[in-house]
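J.: In the working numbering, the protein residues as written are -5 to 530.
(1) Quick check: what's the CA-CA separation for residue 482 versus residue 390?
(2) Three or more C-beta pairs under 8 Å: does that hold for the segment 217 to 228 against the segment 253 to 267?
(3) For residue 518 versus residue 444, is the C-beta spacing smaller than 8 Å?
(4) Taking the alpha-carbon positions, what's the residue 41 to residue 67 distance?
(5) Use the C-beta contact count for residue 243: other C-beta atoms within 10 angstroms, 16 or more gives buried, fewer gives exposed.
(6) Using three-state DSSP, classify residue 227 as helix, strand or coil.
(7) Would residue 258 and residue 170 be called neighbours here (beta carbons separated by less than 8 Å)?
(8) Which residue marks the beginning of the beta strand (DSSP E) containing residue 500, and which one marks its end?
(9) Decide yes or no for the touch test of the segment 75 to 82 against the segment 118 to 128: beta carbon pairs closer than 8 Å, at least 3 of them.
(10) Check this for me: beta carbons of residue 337 and residue 353, under 8 Å apart or not?
(11) Return helix, strand or coil for residue 507, following the three-state DSSP convention.
(12) Please report how far the alpha carbon of residue 0 lies from the alpha carbon of residue 28, in whole angstroms.
(13) Could you please give me the residues that DSSP links to residue 389 through a beta bridge?
(14) Thinking C-alpha only, which one of 313, 157 and 218 is nearest residue 186?
(15) With a threshold of 8 Å between beta-carbons, can residue 135 be considered close to chain B, or not?
(16) In the DSSP assignment, find the unbroken alpha helix (DSSP H) run with residue 164 in it and report its ends.
(17) Anyone know if the C-beta pair for residue 157 and residue 93 falls short of 8 Å?
(18) Going by C-alpha to C-alpha distance, which of 216, 383 and 228 sits closest to residue 525?
(19) In angstroms with no decimal places, state the Cα-to-Cα distance between residue 379 and residue 436.
(20) If we count Cβ pairs, one from each stretch, closer than 8 Å, do we get three or more for the segment 424 to 438 versus the segment 139 to 152?
(21) Give every residue of the same chain whose Cβ lies closer than 6 Å to the Cβ of residue 279, excluding the five residues on either side of it in the sequence, and list them in chain order.
(22) Buried or exposed: which applies to residue 245, given that a residue is buried once 16 or more other Cβ atoms fall within 10 Å of its Cβ?
(23) Is it the case that the Cβ atoms of residue 299 and residue 281 are separated by a distance below 8 Å?
(24) Using CA coordinates, which residue listed in 463, 133, 422 and 175 is at the minimum distance from residue 148?
(25) Going by DSSP, what residue range makes up the alpha helix (DSSP H) through residue 144?
(26) Near residue 137, what residues of its chain come up, given a Cβ to Cβ distance below 6 Å and the 5 sequence neighbours on each side ignored?
(27) From the DSSP secondary-structure annotation, give me the bridge partner or partners of residue 257.
(28) Rounded to whole angstroms, what is the Cα-Cα separation between residue 167 and residue 365?
(29) In chain order, what residues of the same chain lie with their CB nearer than 7 Å to the CB of residue 24, ignoring the 5 residues before and after it?
(30) Rounded to whole angstroms, what is the Cα-Cα separation between residue 362 and residue 305?
(31) Determine the DSSP secondary structure at residue 238, reduced to helix, strand or coil.
(32) I need the DSSP call for residue 322, collapsed to helix, strand or coil.
(33) With DSSP as the reference, label residue 51 as helix, strand or coil.
Here is the structure:
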């Protein structure tokens, strides 16, 4: 649907402005509803359809921006699955948890924002698993659990800060998390041999962007800032103190290992105490003072450096662009970026500069977000495609089966991407032939099944919404129209609609005859393969 079609009242009977018959491709209300639900979460289901109908876009957006106001205690579908996945014992259970939250949570925008930040500050489970190799002989299940916990804890920090913190808060939570320290080699960054890996990625990928104005000199200085940090096990009482003593390393992986928590640690004797200068000779120059007189004060170097990096104007512009690409347009106009940067800097922000909730609100309030021209201008990633398909047809998942059978072959497995950039937010990067085929097969496979670990209840969905599944021409049209509304807000061409009706009324050999429940389910799977479902 375009702005022209909206002005023409697309979806209603009559003639358009050129005098021709108006194309019947769903009402603007339902098309824009599904567009908003795809961007603010993981698509249409009956509950969000009804909630959106009551609140409208503005009310629904405001509610989603305040996730604490959304009651999940009565969400039996979600809670039954969380009971077996929280806390996750393995990385596979954490990946399952990601999908379960996307499919069943009422707090849809919270899950979208959480996974956005998780991907933006990407970490790779394999490095965490390797770190805990000393557990393998005596405690292999502990190795699996602690490795997954690094990533579960970091994700929980992102979930909380996405609506209750600033960008400064979230970049620190990432930078000094055990998962990131291990992933980008901060634990091997010592004063005698500084490792620039994390310093470079922090500025290029996490904050300022590749063209953000930093130099190799800044990378060197920032690497020196982060010398001395590693991960160790500490007593529970010392878990929040990076200067507290670690539990003796010679107990790790043995029966005498004391209880405690694996946390960040600052090794004073491995930190470069000399003065560092960031952005030297610019208006944003930051001098981080020499701490050789009191080496323990070197623990504050990271805070000072992060303050300077977050305050640099390149950071606000880069993060604004990243958020707009995720939620609005993959090539955001400069006016859109400027509007978000203005919100970033606003003195009215309750949490100050870079208030993440206010920044996200600004992203979702740009005029382009709710423009009919935005419909379908982005493509779903594999995870978004799978989650939205499950939601649209009363899908059932334990998270584990779908991740193993489909998200793994589609190559979007959160927490297991070895590339620091994370997964692409550009939908076109995912649309190779194999990925498209996997999406089509997923829809057909899911709708053919009815099991609780992986399947769908298409017939129950139709019956609950007053759509008869008894064979008849009128019922066939009603079934297709309801599914079109659920899947794409009715944004279906007459030719595609007719193809779906014909598919329902014929068997695999092309023979026309009365359809049954199995053919109805197959038709839902067939329609999940339409291009409009891959678009958002």
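Don't be surprised by glycine CBs; every beta carbon is placed ideally from N, CA and C.
These figures come from a predicted structure and were not determined experimentally.
T.: In short:
(1) When the Cα atoms are used, residue 482 and residue 390 turn out to be separated by approximately 20 Å.
(2) These segments touch.
(3) Annotated as distal: residue 518 and residue 444, with beta-carbon spacing of 8 Å or more.
(4) Whole-angstrom Cα-Cα distance: 15 Å.
(5) Label assigned to residue 243: exposed.
(6) In this structure, DSSP gives residue 227 an extended state, which the three-state scheme calls strand.
(7) Yes, the Cβ-Cβ distance between residue 258 and residue 170 is below 8 Å.
(8) DSSP places residue 500 in no beta strand (DSSP E); its state is neither H nor E.
(9) In this structure the segment 75 to 82 does not touch the segment 118 to 128; the number of beta carbon pairs closer than 8 Å is below three.
(10) In this structure, residue 337 sits near residue 353, with a CB-CB distance shorter than 8 Å.
(11) Collapsing the DSSP output to three states places residue 507 in coil.
(12) No answer about residue 0 holds up, because its pLDDT of 36 lies below 50 and its placement is not dependable.
(13) In the DSSP output, where bridge partners are listed per residue, residue 389 has 450.
(14) Check the Cα spacing between residue 186 and each of 313, 157 and 218: the tightest is with 218.
(15) In the structure shown, chain B does not exist; there is a single protein chain.
(16) Segment 161 to 169, the alpha helix (DSSP H) holding residue 164.
(17) Taking 8 Å as the Cβ cut-off, residue 157 and residue 93 do not qualify as a contacting pair.
(18) Looking at the Cα atoms, 383 is the closest of the given residues.
(19) So the two alpha carbons sit approximately 10 Å from each other.
(20) With the rule of 3 Cβ pairs closer than 8 Å, the segment 424 to 438 does not count as touching the segment 139 to 152.
(21) Sequence-distant partners of residue 279 (beyond 5 residues in either direction) whose C-beta falls short of 6 Å from its own C-beta, in its chain, are 273.
(22) Its Cβ having fewer than 16 others within 10 Å, residue 245 is exposed.
(23) Result no, Cβ atoms of residue 299 and residue 281 do not sit closer than 8 Å.
(24) The option with the nearest alpha carbon to residue 148 is 175.
(25) It spans 134 to 158 - the alpha helix (DSSP H) in which residue 144 sits, taken as one unbroken run.
(26) Correct list, in chain order: 126, 129 and 130.
(27) DSSP output for residue 257 lists 226 as bridge partner(s).
(28) The C-alpha of residue 167 lies about 35 Å from the C-alpha of residue 365.
(29) Result list for residue 24: 479, 483 and 484, in chain order.
(30) The alpha-carbon atoms of residue 362 and residue 305 are separated by roughly 27 Å.
(31) In this structure, residue 238 counts as coil in the three-state DSSP scheme.
(32) Here residue 322 sits in coil by DSSP.
(33) Three-state DSSP puts residue 51 in a helix.
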